[in-house]
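Colleague:
There are 2 protein chains.
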Amino acid sequence: MTAFRFTLHSTDGAARRGEFHTPHGVVQTPAFMPVGTQGTVKAALHRDLLDAGAEIILGNTYHLFLRPGDELIARRGGLHRFIGWERPILTDSGGFQIFSLAERRIIREEGAEFQSHLDGSRHLLTPERAVDIQARLGSDITMVLDECLSYPATRDVAAASMQRSIRWAQRCRARFAELPDALGPGVTNPGQAQFGIVQGGVFQDLRDESADATAAIGFEGYAIGGLSVGEPVEEMYAVTEQTARRLPADRPRYLMGAGSPEDLVESVARGIDMFDCVMPTRNARNGQLFTSEGRINIRNARYAEDDRPLDPACGCYTCRHHSRAYLRHLHLAGEMTAGALNTLHNLSFYLDTMRRIRDAIAFRTFDIFRQGFLRSASRLSLDS
Amino acid sequence: MTAFRFTLHSTDGAARRGEFHTPHGVVQTPAFMPVGTQGTVKAALHRDLLDAGAEIILGNTYHLFLRPGDELIARRGGLHRFIGWERPILTDSGGFQIFSLAERRIIREEGAEFQSHLDGSRHLLTPERAVDIQARLGSDITMVLDECLSYPATRDVAAASMQRSIRWAQRCRARFAELPDALGPGVTNPGQAQFGIVQGGVFQDLRDESADATAAIGFEGYAIGGLSVGEPVEEMYAVTEQTARRLPADRPRYLMGAGSPEDLVESVARGIDMFDCVMPTRNARNGQLFTSEGRINIRNARYAEDDRPLDPACGCYTCRHHSRAYLRHLHLAGEMTAGALNTLHNLSFYLDTMRRIRDAIAFRTFDIFRQGFLRSASRLSLDS
Numbered sequence: 007m008t009a010f011r012f013t014l015h016s017t018d019g020a021a022r023r024g025e026f027h028t029p030h031g032v033v034q035t036p037a038f039m040p041v042g043t044q045g046t047v048k049a050a051l052h053r054d055l056l057d058a059g060a061e062i063i064l065g066n067t068y069h070l071f072l073r074p075g076d077e078l079i080a081r082r083g084g085l086h087r088f089i090g091w092e093r094p095i096l097t098d099s100g101g102f103q104i105f106s107l108a109e110r111r112i113i114r115e116e117g118a119e120f121q122s123h124l125d126g127s128r129h130l131l132t133p134e135r136a137v138d139i140q141a142r143l144g145s146d147i148t149m150v151l152d153e154c155l156s157y158p159a160t161r162d163v164a165a166a167s168m169q170r171s172i173r174w175a176q177r178c179r180a181r182f183a184e185l186p187d188a189l190g191p192g193v194t195n196p197g198q199a200q201f202g203i204v205q206g207g208v209f210q211d212l213r214d215e216s217a218d219a220t221a222a223i224g225f226e227g228y229a230i231g232g233l234s235v236g237e238p239v240e241e242m243y244a245v246t247e248q249t250a251r252r253l254p255a256d257r258p259r260y261l262m263g264a265g266s267p268e269d270l271v272e273s274v275a276r277g278i279d280m281f282d283c284v285m286p287t288r289n290a291r292n293g294q295l296f297t298s299e300g301r302i303n304i305r306n307a308r309y310a311e312d313d314r315p316l317d318p319a320c321g322c323y324t325c326r327h328h329s330r331a332y333l334r335h336l337h338l339a340g341e342m343t344a345g346a347l348n349t350l351h352n353l354s355f356y357l358d359t360m361r362r363i364r365d366a367i368a369f370r371t372f373d374i375f376r377q378g379f380l381r382s383a384s385r386l387s388l389d390s
Numbered sequence: 007m008t009a010f011r012f013t014l015h016s017t018d019g020a021a022r023r024g025e026f027h028t029p030h031g032v033v034q035t036p037a038f039m040p041v042g043t044q045g046t047v048k049a050a051l052h053r054d055l056l057d058a059g060a061e062i063i064l065g066n067t068y069h070l071f072l073r074p075g076d077e078l079i080a081r082r083g084g085l086h087r088f089i090g091w092e093r094p095i096l097t098d099s100g101g102f103q104i105f106s107l108a109e110r111r112i113i114r115e116e117g118a119e120f121q122s123h124l125d126g127s128r129h130l131l132t133p134e135r136a137v138d139i140q141a142r143l144g145s146d147i148t149m150v151l152d153e154c155l156s157y158p159a160t161r162d163v164a165a166a167s168m169q170r171s172i173r174w175a176q177r178c179r180a181r182f183a184e185l186p187d188a189l190g191p192g193v194t195n196p197g198q199a200q201f202g203i204v205q206g207g208v209f210q211d212l213r214d215e216s217a218d219a220t221a222a223i224g225f226e227g228y229a230i231g232g233l234s235v236g237e238p239v240e241e242m243y244a245v246t247e248q249t250a251r252r253l254p255a256d257r258p259r260y261l262m263g264a265g266s267p268e269d270l271v272e273s274v275a276r277g278i279d280m281f282d283c284v285m286p287t288r289n290a291r292n293g294q295l296f297t298s299e300g301r302i303n304i305r306n307a308r309y310a311e312d313d314r315p316l317d318p319a320c321g322c323y324t325c326r327h328h329s330r331a332y333l334r335h336l337h338l339a340g341e342m343t344a345g346a347l348n349t350l351h352n353l354s355f356y357l358d359t360m361r362r363i364r365d366a367i368a369f370r371t372f373d374i375f376r377q378g379f380l381r382s383a384s385r386l387s388l389d390s
């Protein structure tokens, strides 16, 4: 059993190149984590993820707790064995889905009471229970339960919510320290790490207070939560920059839920090491593709007779074997293989972007890379 | 360019082991052809088909004619290049889909008039046009346009329909002989073969008459159409047996639309060389799996904590990596990866069954294989 360990290899400005070790292997940072909500990355088989260069995936505690249940997964030997993925897994705490998916939620000091979006059953997720569930899942990195905030929020609301998240983080860390004794054989991965989450909305003084208090508790890594929820991108970048700078330099920094390819590059430039986002997978299923020359909406009639691959610079299975014309046909015909092929490409684009980011930091050419990436058509649509 | 050629290697009773050559490669017979209706086998990437051992796939002329259109496909260099599949392809004539899918169809001597199920547009598919469309698609094996019969049908109706199908077959062959001069650069695969189709319902004298008349026209291969449409299985086997026996021994025999794994084994025993069926792919998406020990409905609660692979005797990606418990979870959660993994397994089961059939014929042990296969649980459900 390998305990969690983060090593910083090099920096280039605020950008950092490193790796972390988990019981299921090493992850190079900056890292992008494909989102495997229900124990699978939508439309992607595990071998597709490995081909695309994924070293870690994310699982959603809210979904897995409701179906098939953390206790059933623990009886299968934990989430890795249940889903047949042998590399690292990060699980969130369920807080964000209670906020965004569950019905009739009541947040009180004890925890978050909510109604399942699947069958209407009522549940109480306390900070302690969020830790226990993730212990049963046996993920490599677990997240504390935090309270998620609507955007926009007043300063008072943001402050009270942030304070509660800190109290919950303390309870999560206390419970985490009792593991595995507290749960006994239900704990399937004793080498787990636990990350704290900085909240505070777009109020930098609240972010600073949250960062300091969370760091004072002491976690294996630190996340920035509550961004990418509708605030202007400049605000997101500014909060990311100052908050990252305030967090311990010897621990990984994870910007939750971000983002577009440009967001990734811009956030690495501000000291972020880890990302997760549904954008590459969700957009793929909707026919929105990322390429080195710009974005493509494959429904566009201009691709009907386009024999080129999605991205001439891409070496993924989709680009090696199929044309835009064929992918457009599959998408319009509603074929599942459209979702699979598009997902494979978009994940390859994201993960290849991360590889190029890591190389650029190692060679201290990150700023050149960044300027080129943003100047390239990555913000532009090829459709018009 | 390789012209179509069929070679018989060995026989065991009525069962035949052989191969046919096409411009896109060799196919071992007896062969199962996965159905790629709209230019893709549903939920299966081409590499999955190759992994599973597919040597030929089927495309549907009706669907491809309506969307994206045979002329667009011809401009892409033909169906193989359009979809990125380099091995042989068989296309049907569109007749069966007009019969089963299209709306407001009017069948007259000239051809079949119908309304698209996609946009309501009206079209006339004549025998000549069915040949031209398939020439533009550039498939390796094309089928004549035939009239499909409802089951049950009176003898008079079946006879009249069969006679019309013979007249259409003559027109198809005449048109085929004019290619590629008639179409010029629109023909993308000049090495095409054309198969005739025997009709006649469940009336053996009509089947005999149809077989003789079709063989007299002279085709590269012969199909038996209009079975597997609701008639008792004994009737299907009886018609298959006598019709196959009456067809030229030096040409491949193709039983269209069949069938279950047992149907495949029983039809090979009656002299059939080629099959296509949506059963492995459609059932997979519905959670119905074929295994060497019997059939599995993955929704069944008994698999919720079953850590075994679908089929311990199967070496497919799904069985090597995933448990019944995980596949059940993915299916109930509505994940696209459930359809992909299940399809991969069912196709592997079908194609592996064909491989075992071929080996058994080569070793003259087909009858032992057949008895064992039918005795095995392949007819049984493991669910109850």
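Heads up: the sequence lines are chains A and B, in that order. The first sequence begins at 7 in the numbering used here and counts up one residue at a time. The second sequence begins at 7 in the numbering used here and counts up one residue at a time. Ideal Cβ placement from N, Cα and C applies to all residues, glycine included.
1. To which residues of the same chain is T46 (chain A) closer than 8 Å at the C-beta, ignoring the five residues directly before and after it?
2. So is P94 (chain A) in contact with chain B if we call contact Cβ pairs under 9 Å?
3. Can you round the beta-carbon distance between L391 (chain B) and D146 (chain B) to whole angstroms, since I take them to be within the 8 Å contact cut?
4. What are the residues in the segment 58-79 of chain A lying within 7 Å of chain B by C-beta distance?
5. By the DSSP assignment, the beta strand (DSSP E) with N292 (chain B) in it spans what residues?
6. Roughly how many whole angstroms lie between the Cα atoms of Q205 (chain B) and D279 (chain B)?
7. If we count the other Cβ atoms within 10 Å of its Cβ and call it buried at 16 or more, is T324 (chain A) buried or exposed?
8. Can you give the beta carbon distance from H27 (chain B) to E92 (chain B), rounded, assuming they're within the 8 Å contact cut?
9. Looking at F375 (chain B) and R361 (chain B), is the spacing between their C-beta atoms short of 9 Å?
10. At a cut of 8 Å, does the segment 183-196 of chain A reach the segment 230-243 of chain A through at least three beta carbon pairs?
11. Is the segment 131-146 of chain B touching the segment 67-78 of chain B in the sense that three or more CB pairs, one from each, lie closer than 8 Å?
12. So R305 (chain B) and G293 (chain B) are supposed to be a Cβ contact under 8 Å. How far apart are they, rounded?
13. I want to see whether chain B comes within less than 9 Å of T394 (chain A), judged by CB atoms only; does it?
14. From G65 (chain B) to M149 (chain B), what distance separates their C-alpha atoms?
15. Which class does H328 (chain A) belong to by DSSP, given the choice of helix, strand or coil?
16. Where do the N-terminal and C-terminal ends of the beta strand (DSSP E) with M39 (chain B) fall, by residue?
17. Using a Cβ-Cβ cutoff of less than 6 Å, which residues in the same chain neighbour D373 (chain B) once the five nearest sequence positions on both sides are dropped?
18. Of the choices A:E109, A:H123, A:P133 and A:R110, whose alpha-carbon is the least far from that of E116 (chain A)?
19. If T220 (chain B) and A175 (chain B) are in contact, beta carbons under 8 Å, what's the gap, nearest whole angstrom?
20. Going along chain A in order, which residues have a C-beta closer than 7 Å to the C-beta of D313 (chain B)?
21. Shortest alpha-carbon distance to T371 (chain A) belongs to which of A:F355, A:F12 and A:G19?
22. Check whether the Cβ of A290 (chain A) lies closer than 9 Å to any Cβ atom in chain B.
23. Name the chain B residues that come within less than 7 Å of E341 (chain A), Cβ to Cβ?
24. Of all the options B:L212, B:L151 and B:F201, which has the alpha carbon lying nearest to the alpha carbon of R161 (chain B)?
25. Would you say L185 (chain A) reaches chain B, if we count a Cβ-Cβ gap shorter than 9 Å as a contact?
26. Please confirm if R179 (chain A) has its CB atom under 9 Å from at least one CB of chain B.
27. Counting along the chain, where does the alpha helix (DSSP H) carrying G345 (chain A) start and finish?
28. Can you check the segment 16-63 of chain A for any beta strand (DSSP E) of at least 3 residues that lies completely inside it and give the ranges in chain order?
29. Can you tell me whether F369 (chain B) is buried or exposed, with buried defined as 16 or more other CB within 10 angstroms of its CB?
30. Tell me the start and end of each unbroken beta strand (DSSP E) in the segment 218-287 of chain A that is at least 3 residues and wholly inside, in chain order.
31. What residues in the segment 88-113 of chain A bring their beta carbon closer than 7 Å to a beta carbon of chain B?
32. Closer than 9 Å by beta-carbon distance: list the chain A residues that pair up with G345 (chain B), in chain order.
33. For L130 (chain B), which residues does DSSP report across the bridge?
34. Rounded to a whole number of angstroms, what is the C-alpha to C-alpha distance between E25 (chain A) and T35 (chain A)?
35. Judging by CA-CA distance, which residue of A:E247, A:D365, A:P40 and A:I302 is the nearest neighbour of H337 (chain A)?
36. Using CA atoms only, rank isn't needed, just tell me which of A:T349, A:C322, A:A319 and A:R314 is closest to Y332 (chain A).
Modeller: In short, the structure shows the following:
1. I89
2. no
3. An answer regarding residue 391 (chain B) cannot be provided, because it is not within the stretch 7 to 390 covered by chain B.
4. R73, P74 and L78
5. First-last for N292 (chain B): undefined, no H or E at that position.
6. 18 Å
7. buried
8. At roughly 15 Å, the Cβ-Cβ gap does not stay under 8 Å, so H27 (chain B) and E92 (chain B) are not in contact.
9. no
10. Contact annotation: the segment 183-196 of chain A does not touch the segment 230-243 of chain A, with fewer than three C-beta pairs closer than 8 Å.
11. yes
12. 5 Å
13. Residue 394 (chain A) cannot be examined here, being either before or after the span of chain A that is shown, 7 to 390.
14. 11 Å
15. coil
16. Counting along the chain, the beta strand (DSSP E) containing M39 (chain B) begins and ends at A37 to M39.
17. none
18. A:P133
19. 6 Å
20. R82
21. A:G19
22. no
23. Chain order gives the chain B residues near E341 (chain A) as Q44, T46 and K48, where near means a beta carbon separation below 7 Å.
24. Ranking B:L212, B:L151 and B:F201 by Cα distance to R161 (chain B) puts B:L212 first.
25. no
26. no
27. In the DSSP assignment, G345 (chain A) falls within the alpha helix (DSSP H) that extends over M342 to A368.
28. 21-28, 31-35 and 37-39
29. exposed
30. 227-230, 259-261 and 280-282
31. F88, I89 and G90
32. M342
33. B:E119
34. 5 Å
35. A:I302
36. Of A:T349, A:C322, A:A319 and A:R314, the residue nearest in Cα terms is A:R314.
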